[in-house]
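Working notes for the structure below.
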Amino acid sequence: MLAYLVCLGVMAGSVLLVALTSYLVNVTENDGSVLNLTNLQLSLTSIIYYQDAETGEYEEYQRLDGSENRIWVDLEDIPQHVLDAYIAVEDKDFYDHHGVDIVGTVAAMVNEYTPIKLFSSKRGASTITQQLVKNLTMDNDGSGIDGAFRKLREIYRAFVLEKQYTKDEILEAYLNTLRLSHNWAGVQAGANNYFGKDVSELTIAEAASIAGITKNPSVYNPYSYPENNLERRNDILFFMHEQGKITTEQYEAALAEELVLNQDIRSKSFVNSYFTDMVIDRVISDLMDQYNMTLGEATEYLYNDGLKIYSTVNPTLQSAMESVMRNEPNANGKTLFPIKENTYTNPSTGEKITQTPQAAMVSVDYNGGIAAVVGGLGEKTEDRVLNRAVDSLRQTGSTMKPIGAYGPALEYDYIHYSTALFDDYVKEIDDEKNPGQKKQWPRNYNPGYSMTQVPVVDAIAKSLNTIAVRSLAMMGVETSYDFLVNSVGISSLSERDKDLGPLALGSMTEGISPLEMAAAYAIFGNGGKYIEPYCYTTVEDSSGEVILEKKIVSVQALSADTAYIMNRALKTVLQYGTGAGLAPKRLDAVGKTGTTSDNKDHWFIGVTPYYSTATWWGYDNPAELSVNYTTHPPTTAWRNVMNIAQADLPSKSFPVSKSVQVFNYCPITGNIANANCPDQKPGYYKSSTIESGFVPVCQAH
Ligand SMILES: [Zn+2]
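So the sequence shown is numbered by the numbering used here: it starts at 21 and just counts up by one.
What follows is the structure, given as structure tokens:
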């Protein structure tokens, strides 16, 4: 009986072993090229291109993993103390094991999968060979059972590597691929960038500093966290001394050495623009979607496979935007966006937090391409940080009126350019500040109601909330909601937003991103066509084969007539409305200001014959921020950017819809003016609305 059980156990064990082996052989089947150490030097740089508007040629915008980032260095050119620093902290038995530290690995797995903590150590549990496998395969899948299988694959691959290559080859590959901060990889790039010298010139202390980063490049990044790096450097020096790699004199001298970093490199070219960050994010996520890659695989592929990314950036506009949004003080010490501090209390910790205002700006061109983006105020110091232009949803205030109320109401003939509507409150609602009492709604930005008929165009210029709400009410919220969601690509509205406040005055539940606002407003500059925005058109692999291609999604959101009429109406904002005096030089421009009723969000969306641009300003944690409308920061920032970016562009006008008829309108009745009407200004009308008698001639004067 016992023999039978043993026999059964052995059989079951054998089956498991065979299954496991066959699993490992299968999943590592395509490792050949990935784990080929002799090919490593050939790892290719991916490049982002832009199209030169004048020549139509594609030019280089940025190299993603250029020679600055990974610089190959042969093992014999790396000083012994650099090798010693890594071996001492990461894998002191490197020359003795066969790829795997069995005791360390078992202990690490027990630590991870059981509540028992066997021993903790500042030394890593995976060997240099295992870490090399990780760097080459980017096989970083999850925790739990996935994590256990990942560990098994890694162990198997480490054994395979050790059988195929010498210790020196493995060490050389490791030292050239290990990850550092800022997308830097390898000890030569580390020496060049952190210390401004060749790897052969590194001191013992500097070698230990770089060796300390690899364990966790963000935590031990010596620029961001010098104290973390210094502590780890000193641990590594201790191990080197303990293992007899350095003498006591060397140890003490190195401990006393200050951490002196190369300062000019970080502040210059090594921080990606918000545009580059966005391209990286989009390409990685599209690769994951279309090719079923993991995040690690897509990232590795993007950085190292020589991809050619044809982007939509306009470098002139991008750098103009960056320079304005850096918000540097002028000669009088004043910044364009005032730096007003605000303090709030974190509700969960009770901690007091002080914040300064943030801002974002993004432009799309009339092919739908994102031409420039800046997702924060001030100098950008890190890669892949929050891009407020794309990822922050904010209430849109009055910038909502043209797309949520006036545009579709004009399109469907509920109103015309100068329909006169009554400037008075629309309804009474509960006053949440005074329970049991009612208040009049909506309020205008400047309190009170004129109790007169105001033509729609004048209400747009002055941003009267009452008239926007009446226009929307005439059309109905369903039509507006459908227009926003299905015609101009607003993706963050919910059923709860089907109401007058959200759709006319921008007090929606979640808010809208600046990018979606810029793309929606493009309809007022290009004859009514909405195009879903994108930041690249195609991506080719190193052999020139197209691996990603953007499908252009476009909708004729408004007729060319309505788009032109709205364009003319929005021009009054910069002529005599809330943006008066802030129009850019040279080329025509239209736009709309926006402020939420609680003063927490400030917007300007500006449209020129070249670009539709959204600018937002406010606190990350929404708080009141007062604004001066004569120097309205978002509008002024947009104007300054356009003045730089459009200075040398060929003259260009907005498309004109020839079937739109122009008559002066009467500012009192909103009808077509007769000779006696006062203060006449031009009005723009669809032929059909004139013919149908929708816009009669004024009889009052
Ligand atoms: Zn009149």
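Here a beta-carbon is modelled for each residue, glycine too, at the ideal position from N, C-alpha and C.
Taken atom to atom, the span from the alpha-carbon of phenylalanine 683 to that of arginine 302 is near 48 Å. Nearest in C-alpha terms to threonine 557, of all of Thr401, Thr486, Gly690, Asp306, is Asp306. Of the other Cβ atoms in all chains shown, 16 or more fall within 10 Å of the Cβ of valine 93; this residue is therefore buried. Here glutamate 515 is exposed: its Cβ has fewer than 16 other Cβ atoms, across all protein chains shown, within 10 Å. Scanning its chain for C-beta atoms nearer than 6 Å, with the 5 sequence neighbours on each side dropped, one finds around histidine 261 the residues Tyr271, in chain order. Assignment of methionine 528 by DSSP, reduced to helix, strand and coil, places it in the coil class.
For phenylalanine 683, the beta-bridge partners assigned by DSSP are Gly703. Judged by DSSP secondary structure, phenylalanine 544 falls outside any beta strand (DSSP E); it is assigned neither H nor E. The three-state reading of DSSP puts glycine 76 in coil, since its state is none of H, G, I, E or B. The closest heavy atom of ligand 1 lies 7 Å or more from the beta carbon of isoleucine 625. For tryptophan 636, the secondary structure class from DSSP, reduced to helix, strand or coil, is strand. Every residue whose beta carbon comes nearer than 6 Å to a heavy atom of ligand 1 appears here in chain order: Cys686, Ile688, Thr689, Ala693, Cys697, Cys718, Ala720, His721. Using a 10 angstroms sphere on the CB of glutamine 208, the tally of other CB atoms reaches 16 or more, which defines it as buried. Here the stretch 331–343 makes no contact with the stretch 613–622; the two share fewer than three CB pairs at distances below 8 Å. Out of Met313, Tyr294, Glu711, the CA that lies nearest to the CA of arginine 346 is found in Tyr294. By the Cβ test, the stretch 115–128 is not in contact with the stretch 249–265, since fewer than three Cβ pairs between them sit closer than 8 Å. Minimum Cα-Cα distance from alanine 481 among the listed residues Asn506, Thr613, Glu448 corresponds to Thr613. In this model, glutamate 277 and arginine 408 are separated by some 41 Å (Cα to Cα). Per the Cβ contact rule, the stretch 374–382 is in contact with the stretch 632–649 (3 or more Cβ pairs under 8 Å).
In the displayed model, glutamine 270 falls within a helix according to three-state DSSP. Counting only residues of its own chain and dropping the five nearest sequence neighbours on each side, valine 661 has a CB closer than 6 Å to the CB of Ala340, Met341, Val344.
Remark: fewer than three beta-carbon pairs, one from each stretch, lie closer than 8 Å, so the stretch 454–472 and the stretch 419–439 are not flagged as touching. Distance from aspartate 188 to leucine 95 at the Cβ level is roughly 6 Å; contact confirmed, criterion being Cβ atoms closer than 8 Å. Note on lysine 265: 16 or more other CB atoms within 10 angstroms of its CB, so buried under the neighbour-count rule. Three or more pairs of CB atoms, one per stretch, sit closer than 8 Å, so the stretch 419–438 contacts the stretch 574–588.
Assignment of beta-bridge partners to glutamine 719 by DSSP yields no partner. Fully enclosed alpha helix (DSSP H) runs of no fewer than 4 residues occupy 476–482, 485–495, 497–502 of the stretch 462–513, in order along the chain.
Apart from sequence neighbours up to five positions away, the residues of its chain that approach tyrosine 704 with a beta-carbon distance below 8 Å are Tyr437, Tyr584, Ile585, Arg588, Ala589, Val680, Gln681, Val682, ordered along the chain. Annotation: methionine 341 is outside any beta strand (DSSP E); the continuous alpha helix (DSSP H) that includes it extends over 335–345. The three-state reading of DSSP puts arginine 659 in helix, counting H, G and I together.
Taken through DSSP and simplified to helix, strand or coil, valine 610 comes out as strand. The continuous beta strand (DSSP E) containing glutamine 375 extends over residues 372–375.
Excluding sequence positions up to five before and after cysteine 718, its CB lies within less than 7 Å of the CB of Cys686, Thr689, Asn691, Ile692, Ala693, Asn694, Cys697, all in the same chain and listed in chain order. In the displayed model, valine 207 falls within a helix according to three-state DSSP. Here DSSP, grouped into helix, strand and coil, assigns phenylalanine 114 to coil.
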